[in-house]
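A.B. asks: Here it is: the structure, laid out below.
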Amino acid sequence: MKAQELIQLMKTKLSEDTFLYEFNRETNKLRLTHKALNKGIDISIPPILAKVETKKELAVEEVVYTIHQTFQAMEKEISGDIDPSSSVYPVIRSSSFPEKSNEGNRFVTKEHTAETRIYYALDLGKTYRLLDEKMLQSWGIRETEIRERALFQVRNLVNNFKKDEVAGNVFYFFNNNDGYDASRILNESLLKDMKKLIVGDMTISVPHQDVMIIGDIRNETGYDVLAQMTMHFFTVGTVPITSLSFIYENGDLEPIFIMAKNRVAKEKEEK
């Protein structure tokens with residue numbers, strides 16, 4: 142399926158009477174604007190096409206459902222129906238993700254790594270709304286309170302995972318489909334518990350919003366497997382974050398390519 146074919150299919154499910162479609166061929170992004178609300182969202186087409194390859198029309202149905210939920214949340218916000226006491230969660234985004242909303246309001250954020258940044262989201266059931274400073278001001282809530290509430294929530298998430306072994310290396314996949322799988326990278330207690338299971342190097346990857354991969358890398362092949370794995374997940378993710386993985390050591394996250402450079406330098410020094 143090509144981009145234009147996908148957009149035509151979406152038009153049969155999301156009527157042009159309600160939505161304005163604007164496709165940018167250069168960025169491969171679709172701008173979908175709700176005419177009545179006068180609000181829009183940007184949709185990256187390649188990840189959807191990748192999902193269509195495996196999940197067929199179900200992938201389109203999932204995207205359409207998410208779009209409906211997103212605009213319903215916008216409608217609630219406009220009408221003032223959003224409850225500030227709802228659960229708040231941290232969400233991980235790429236460091237290149239916009240720091241302001243389309244309306245120009247600065248999102249509530251916190252620095253994480255050079256590749257990632259923490260945003261904060263108000264959970265609305267089937268979707269969520271990224272919090273901005275204007276919303277907090279209208280509610281009279283401080284950023285520190287939001288961050289504390291969010292960390293509390295992520296620590297209380299159920300942490301189911303699947304285990305897989307490839308070429309002598311072990312990988313643990315967190316894919317609970319609750320919208321906050323990548324957010325589990327902020328649960329220090331979880332990371333420390335997982336560290337106890339690790340024999341080799343412990344790696345953490347958050348290629349997209351709905352997965353976190355913890356690796357037990359026991360040989361050099363493991364790093365190649367990890368690189369291919371994270372790139373695949375990064376490509377097919379609805380909300381991609383980073384294809385770069387991190388070494389977890391002494392409670393710190395360090396990008397693997399930096400570790401590799403350090404090891405090469407160390408080997409040269411030893412020679």
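142 is the number of the first residue of the sequence shown in my numbering; add one for each residue after it. Idealized CB from N, CA, C, for every residue including glycine.
Indicate the three-state DSSP secondary structure (helix, strand or coil) for lysine 180 in the structure shown.
C.D. replies: In this structure, lysine 180 counts as strand in the three-state DSSP scheme.
A.B. asks: Per DSSP, asparagine 391 forms a beta bridge with which residues?
C.D. replies: Its beta-bridge partners do not exist; DSSP assigns none.
A.B. asks: Output the residue ranges of the alpha helix (DSSP H) runs that lie fully inside the stretch 256-313 and measure 4 residues or longer, sorted by chain position.
C.D. replies: Those alpha helix (DSSP H) runs which fall completely within the stretch 256-313 and span 4+ residues are 274-280 and 284-296.
A.B. asks: Which value, in whole angstroms, describes the spacing of the CA atoms of lysine 170 and isoleucine 282?
C.D. replies: Roughly 35 Å between the two C-alpha positions.
A.B. asks: Measuring straight from C-alpha to C-alpha, what distance separates alanine 248 and glutamate 390?
C.D. replies: Alanine is not the amino acid found at residue 248; the sequence shown has phenylalanine there. C-alpha separation (whole angstroms): 30 Å.
A.B. asks: Considering only C-alpha positions, which residue in the set His349, Asp273, Val229 and Lys197 is nearest to phenylalanine 314?
C.D. replies: If we check each option's Cα against that of phenylalanine 314, His349 comes out closest.
A.B. asks: Please classify methionine 353: does DSSP put it in a helix, a strand, or coil?
C.D. replies: Note: methionine 353 maps to strand in three-state DSSP.
A.B. asks: CA-CA distance, lysine 217 and valine 232?
C.D. replies: Going from the Cα of lysine 217 to the Cα of valine 232 covers about 21 Å.
A.B. asks: Over the uninterrupted beta strand (DSSP E) stretch that includes leucine 161, give me the two end residues.
C.D. replies: Here the beta strand (DSSP E) through leucine 161 covers 160-165.
A.B. asks: Who are the Cβ neighbours of aspartate 158 in its own chain at under 6 Å, not counting the five residues just before and after it?
C.D. replies: If we look at aspartate 158 and ignore the five residues flanking it on each side, it has no Cβ neighbours.
A.B. asks: Leaving out five residues before and five after alanine 323 in sequence, what residues of the same chain have Cβ atoms less than 8 Å from its Cβ?
C.D. replies: Val232, Ile233, Val347, His349, Gln350, Asp351, Val352, Met353 and Ile382, listed in sequence order.
A.B. asks: Over what stretch of residues does the beta strand (DSSP E) that includes serine 235 continue unbroken?
C.D. replies: 229-235 is the extent of the beta strand (DSSP E) around serine 235.
A.B. asks: In whole angstroms, give me the CA-to-CA distance for histidine 373 and glycine 245.
C.D. replies: Rounded to the nearest angstrom, the two C-alpha atoms are 33 Å apart.
A.B. asks: Determine the extent of the beta strand (DSSP E) in which leucine 155 is found, giving its start and end residues.
C.D. replies: Where leucine 155 is concerned, there is no enclosing beta strand (DSSP E), given that its DSSP letter is neither H nor E.
A.B. asks: Looking at valine 299 and leucine 327, is the spacing between their C-beta atoms short of 8 Å?
C.D. replies: No, these two residues do not count as a Cβ contact at 8 Å.
A.B. asks: Would you kindly report the start and end of the unbroken beta strand (DSSP E) that includes threonine 250?
C.D. replies: Segment 250-252, the beta strand (DSSP E) holding threonine 250.
A.B. asks: Could you tell me whether the stretch 258-269 touches the stretch 355-367, using the rule of 3 or more Cβ pairs below 8 Å?
C.D. replies: As far as the Cβ criterion goes, the stretch 258-269 does not touch the stretch 355-367, which means the pair count is below three.
A.B. asks: Can you give me the start and stop residues for the alpha helix (DSSP H) that leucine 385 sits inside?
C.D. replies: Per DSSP, leucine 385 belongs to no alpha helix (DSSP H) and is neither H nor E.
A.B. asks: Can you tell me where the beta strand (DSSP E) with lysine 336 in it begins and where it stops?
C.D. replies: Segment 329-336 is the alpha helix (DSSP H) holding lysine 336; no beta strand (DSSP E) there.
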